[in-house]
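*Asks:*
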Amino acid sequence: MNLKRIIIFTLLAFVAFLALFITSKKEEYIIAKGGEKFNIDFKNRIYNKKMQLTIYYTQVDAANPLPLANDFVKRNYEYKIIVSSFILRDYLEQLQSIENIEFQKPIDYDYLNIVIYCDFHEDDKKIFSFSLSSDSRNMLVNNLVVKNEKIFYYLIIPFLPKDVADYYAEFLDKKITF
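Take 621 as the starting number for the sequence shown in this note's numbering and just add one per residue.
1) Taking the beta strand (DSSP E) that Y699 falls in, what are its first and last residues?
2) Which residue's Cα is closest to the Cα of N763: K694, I771, D661, S749?
3) With a floor of 4 residues, list each alpha helix (DSSP H) that falls wholly inside the segment 711-783, ordered by position along the chain.
4) Once the 5 residues before and after I650 are set aside, which same chain residues still bring their CB inside 6 Å of it?
5) Around the C-beta of P778, are 16 or more other C-beta atoms found within 10 angstroms, so that it is buried, or is it exposed?
6) State the Cα-Cα distance for the pair Y773 and T630, rounded to the nearest angstrom.
7) Using 8 Å for Cβ pairs, my map puts Y676 next to Y737. What's the rounded Cβ distance?
8) DSSP state of I707, grouped into three classes?
9) Going by DSSP, what residue range makes up the alpha helix (DSSP H) through I666?
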């Protein structure tokens, strides 16, 4: 009877490990060549009252498989924040400046350990997304690996829980290069 329990437990552990491995597989991203821009038309979308921003955040810890990917963070988030178009109006200048960014090639890209995934959407249609990594050098914009841009951190800090916001505010203050 003991041998049967050991075999069943081993099989269950193997299946759980296999499921975790399959769901956290490394996502393939396109590497930016530099100079990419995105025309989102935030102003019209926000004033039409349809656009929302959803922020998913997960902490980096030893229990999470590395590297973390967008789909893992969206399913296993610690915080999920939904920002309405009414509130986004207060951040319109920042949002419009995103449309003017010419994204640069990533710095020494190996992998991204995504901890924050954000998407702008209308109804269920994704308009624009970005992901911030625990590695401050690179980020994702619409699944395109680019050099990090501080504006994305500054945009979401007001919506994050205080302890997380404080960490990123301090993180940004101490960073010499981005």
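Yeah, the Cβ is synthetic: ideal placement off N, Cα and C, and Gly gets one too.
*Replies:* Looking at the atomic coordinates:
1) Numbered from its first residue, the sequence shown carries residue 699 at position 79. For Y699, the enclosing beta strand (DSSP E) starts and ends at 699-703.
2) What you label residue 763 is simply residue 143 of the sequence shown in a count that begins at 1. Selected option, being the one with the closest Cα: S749.
3) If we require 4 residues or more, the alpha helix (DSSP H) runs fully inside the segment 711-783 come out as 712-719, 770-776.
4) For the purposes of this step, residue 650 is identified with residue 30 of the sequence shown, where counting begins at 1. Below a pLDDT of 50, predicted positions are generally treated as unreliable, and I650, at 48, falls in that range; no measurement from the model is reported.
5) Along the sequence shown, read from residue 1 onward, the residue named residue 778 stands at position 158. Counting every other CB atom within 10 Å of its CB across the protein chains shown gives P778 a total below 16, marking it as exposed.
6) Start at 1 with the first residue of the sequence shown, and residue 773 comes out as number 153. Start at 1 with the first residue of the sequence shown, and residue 630 comes out as number 10. Going by the C-alpha atoms only, they are around 43 Å apart.
7) Here residue 676 is taken as the residue at index 56 of the sequence shown, counted from 1. Here residue 737 is taken as the residue at index 117 of the sequence shown, counted from 1. In this structure Y676 is in contact with Y737, their Cβ atoms being roughly 5 Å apart against a cut-off of 8 Å.
8) Here residue 707 is taken as the residue at index 87 of the sequence shown, counted from 1. Helix at I707.
9) As a first step, residue 666 is located in the sequence shown; it is residue number 46 there, counting from the start. Residues 662-667.
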